Every structure is written in C-alpha cells, then in structure tokens.
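Residue numbers (the working numbering): 370 to 458.
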C-alpha cells in the first residue's frame, strides 16, 4: 500500500488529477474505492502527513457538488462491509 500511495502522491504533484489536468473516471474510481477511506483502512501509514497532495485531492473531490450531496445521503453499505475497517457509521 505504501508503494501505491507514494505513486499517487507523486502523480498528484505533477497533475491536478490522477490522469492529468481533467477530473476523470480515474479520480471517481479511486476516490470511491479507497481514496475516501485510506486513513481508516491503514491508520499506521499516517496518510495526512505522508501524502498531503492526496489529502488535498480527496478534499477537492468531496467539495464537488454532486459528491458533497451524495456524502450527505444515508449510508446503505451492508453492515459487514462497514465494520471491516473498525469504523461503523
């Protein structure tokens, strides 16, 4: 995981988004699968201090109107999937 985070951090140091200067499916996919939860999944990696560009990227995505609206909605994740990271909402 550290290798992947380092690659993403490097890419975000070169471009605004994962696949270049435009928000694309690459950003949507990574955000929805682990970008939003990487700190919960791997607390020992200290993502906030190790990957400030990833944190900034994640915050920019969360601030997008459609994402912000979706984040307000009820969490319909199956309970077993919500608890694997030790975090229950």
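Don't be surprised by glycine CBs; every beta carbon is placed ideally from N, CA and C. In this text, all values refer to a predicted model and were calculated from it rather than measured experimentally.
- Between residue 410 and residue 427, the alpha-carbon positions lie close to 15 angstroms from each other.
- For residue 375 and residue 420, the gap between their C-alpha atoms comes out near 8 angstroms.
- Excluding the 5 residues flanking it on each side, residue 416 has same chain C-beta neighbours closer than 8 angstroms at 374, 407, 408, 423 and 424, in chain order.
- Per the coordinates, the alpha-carbon of residue 446 lies some 13 angstroms from the alpha-carbon of residue 402.
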